[in-house]
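Beneath this line is the structure, given in C-alpha cells, with notes to follow.
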C-alpha cells in the first residue's frame, strides 16, 4: 500500500495545481523518482491512473524519470552515483549500498531519495498567444 | 489566434514539489509541537508479532507514576492493541490506518490534535507492524525504538538495514526462546551494531517483564524520582 500513499499525494498535488491554473484538463504529469524512495514506478503509474479517473487529470500521460542514487563517501571522498539494482528484493531486504571506489558503507546521500512532482501540462488558455 | 497554439500542445506548469521533503517537514512540525509542550515522543517499530504492544504495556506500567503518558497505537483495522494498553489507565488513541502499512506525519498530527498536550510528558507511538515502509515515513519523534524478536529468525538486522540505521535503540525480544529458535542473540546484537555502530542494544523478555529497566535506561528515561508536573521544560 506504500505506493498508494505516494500516488495519493502526487495526485492531490497535481489536482491542486490544476485548480490553481483553472485548467479543464491535465495532459501530462512529470515526476522524478529517486532510486532510494522504494516506490515502484509501474505500481505508481497504475495507481495514478485509478486515482485520476473522474478528475481533470483522467487519462493524463504520466512520465516518470528515474533518478540515480547520488552519494558522498565519508571515507574516501568519492562523490557520484551508486548503481541500485533494479530488483525489488534488493530494495526491500538488503538495501545497503557501498562506495564503488573503496567499498565503505559510510555514505552520505546527496540525491536520489526524493519523489518530486516536477510539472504538469495543461491545454493552452484560449486566445492566449504569449506562450 | 497564436501560431504556437497547435492542437495537442499545452502549457507546462512547473510545480517542483518534493513529496519526500513534505514527509519530513510534517515530522519536523510534529516534533516542534511536541517540544513546545515539553513532551518526549518515542516511535516504536517492529514486525507483526514482535511484541510492540507488550513492550509498551510494560513501559507504561513502570513509567506511568513518573510521567503523564499517552499512547498512539497504529493498526490496520482493530482496537486490540489499544484495549491491551488501556488497562494500565493511560489514554490510548487507536489509529486505524485502514490498510496503510505505516503511520506518517499527517496521521500522527491528527492524533496529536486530539490529545491534551498540556497534560502530557511522554507519548509512545506504536507504528504499524512492518519494518519496511515506516522507514520512509518519519512521524516526528525524539527516539525511534526498533523491536526485533528472536522468533523472526536470525537475519532481521541485515535484512532491514535502513530501519536499523534510523533507530536509536534496538530491543531484542523473546530471548528466552533463542535456543528453541536456534538464534544466537550475541550474533544478532553484533549484526545490529555492524549496521549501526552508535545504536544501543538491549535484550528483553517483555512478556515476563525482563530487561524492561534496561530499555528505560537506553531511552534515557527513569521510573524513579518525583512525578513530573509538565513545567520542567519551561
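Residue numbers (the numbering used here), protein chains in the order written: chain A, 1 to 131; chain B, 1001 to 1234. All residues carry an ideal CB built from backbone N, CA and C; glycine is no exception. The model shown is predicted, which means the values in this text are computed figures rather than measured ones.
Span of the alpha helix (DSSP H), counted from its first residue to its last, around residue i
| i | result |
| --- | --- |
| residue 1021 of chain B | 1019-1036 |
| residue 1043 of chain B | Looking at the DSSP string, residue 1043 of chain B is not in any alpha helix (DSSP H); the run it does join, the beta strand (DSSP E), is 1040-1046. |
Closer than 9 Å at the beta carbon, the chain A residues around residue i
| i | result |
| --- | --- |
| residue 1052 of chain B | Going along chain A, no residue has its Cβ under 9 Å from residue 1052 of chain B, so there is no contact; the nearest lies around 19 Å. |
| residue 1016 of chain B | 116, 117, 118 and 119 |
Which listed residue (the options) has its alpha carbon closest to that of residue i
| i | options | result |
| --- | --- | --- |
| residue 1027 of chain B | B/1144, B/1048, B/1182 and B/1057 | B/1144 |
| residue 1224 of chain B | B/1053, B/1052, B/1065 and B/1170 | B/1065 |
| residue 1172 of chain B | B/1188, B/1219 and B/1182 | B/1188 |
| residue 1118 of chain B | B/1039, B/1017, B/1227 and B/1220 | B/1039 |
| residue 1110 of chain B | B/1084, B/1134, B/1140 and B/1101 | B/1140 |
| residue 29 of chain A | A/48, A/22, A/35 and A/36 | A/48 |
| residue 32 of chain A | B/1017, B/1057 and B/1222 | B/1017 |
| residue 98 of chain A | A/112, A/110, A/82 and A/113 | A/82 |
| residue 1108 of chain B | B/1120, B/1094 and B/1121 | B/1094 |
| residue 1177 of chain B | B/1020, B/1162, B/1203 and B/1035 | B/1203 |
| residue 75 of chain A | A/107, A/11 and A/39 | A/107 |
| residue 110 of chain A | A/17, A/44, A/78 and A/3 | A/78 |
| residue 1207 of chain B | B/1169, B/1127, B/1049 and B/1113 | B/1049 |
| residue 112 of chain A | A/20, A/61, A/7 and A/38 | A/38 |
| residue 1158 of chain B | B/1089, B/1084, B/1192 and B/1151 | B/1192 |
| residue 1209 of chain B | B/1053, B/1135, B/1096 and B/1068 | B/1053 |
| residue 1227 of chain B | B/1179, B/1072, B/1075 and B/1063 | B/1063 |
| residue 1126 of chain B | B/1146, B/1214 and B/1114 | B/1146 |
| residue 24 of chain A | A/59, A/72, A/36 and A/114 | A/59 |
| residue 119 of chain A | A/36, A/62, A/80 and A/73 | A/62 |
| residue 1082 of chain B | B/1067, B/1101 and B/1128 | B/1128 |
| residue 35 of chain A | A/16, A/114 and A/121 | A/114 |
| residue 1212 of chain B | B/1185, B/1190 and B/1174 | B/1174 |
| residue 1180 of chain B | B/1114, B/1153 and B/1142 | B/1153 |
| residue 1215 of chain B | B/1011, B/1071 and B/1168 | B/1168 |
Amino acids of chain B, ordered along the chain, whose beta-carbon sits closer than 7 Å to that of residue i
| i | result |
| --- | --- |
| residue 27 of chain A | 1010 |
| residue 64 of chain A | Those within 7 Å of residue 64 of chain A in chain B number zero; the least Cβ separation is about 13 Å. |
Residues that DSSP places opposite residue i in a beta bridge
| i | result |
| --- | --- |
| residue 115 of chain A | A/33 |
| residue 1201 of chain B | B/1170 |
| residue 1114 of chain B | None; residue 1114 of chain B has no bridge partner. |
| residue 1014 of chain B | A/119 |
| residue 65 of chain A | A/32 |
| residue 1210 of chain B | B/1205 |
| residue 109 of chain A | A/71 |
| residue 1143 of chain B | B/1042 |
Neighbour list for residue i in chain B, Cβ cutoff strictly below 8 Å
| i | result |
| --- | --- |
| residue 73 of chain A | What residue 73 of chain A touches in chain B: nothing, since even the nearest Cβ is about 16 Å away. |
| residue 9 of chain A | 1019 and 1022 |
Proximal chain A residues relative to residue i, where beta-carbon distance stays under 7 Å
| i | result |
| --- | --- |
| residue 1013 of chain B | 17, 21, 119, 120 and 122 |
| residue 1020 of chain B | 37, 113, 114 and 115 |
Closer than 9 Å at the beta carbon, the chain B residues around residue i
| i | result |
| --- | --- |
| residue 5 of chain A | 1100, 1101, 1102, 1104, 1133 and 1137 |
| residue 53 of chain A | Residues of chain B passing the Cβ test: none, with the nearest at roughly 19 Å. |
Opening and closing residue of the beta strand (DSSP E) in which residue i lies
| i | result |
| --- | --- |
| residue 82 of chain A | 79-82 |
| residue 1124 of chain B | 1122-1126 |
Heavy atom of the ligand ZN within 7 Å of residue i beta-carbon
| i | result |
| --- | --- |
| residue 121 of chain A | The ligand ZN is absent from the structure shown, which contains no ligand whatsoever. |
Beta strand (DSSP E) runs wholly inside the region 4-55 of chain A, at least 3 long, in chain order: 28-34
Alpha helix (DSSP H) segments (min. 4 residues) lying fully within the region 1050-1100 of chain B: 1052-1063 and 1080-1086
Can you check the region 1146-1194 of chain B for any beta strand (DSSP E) of at least 3 residues that lies completely inside it and give the ranges in chain order? 1169-1173
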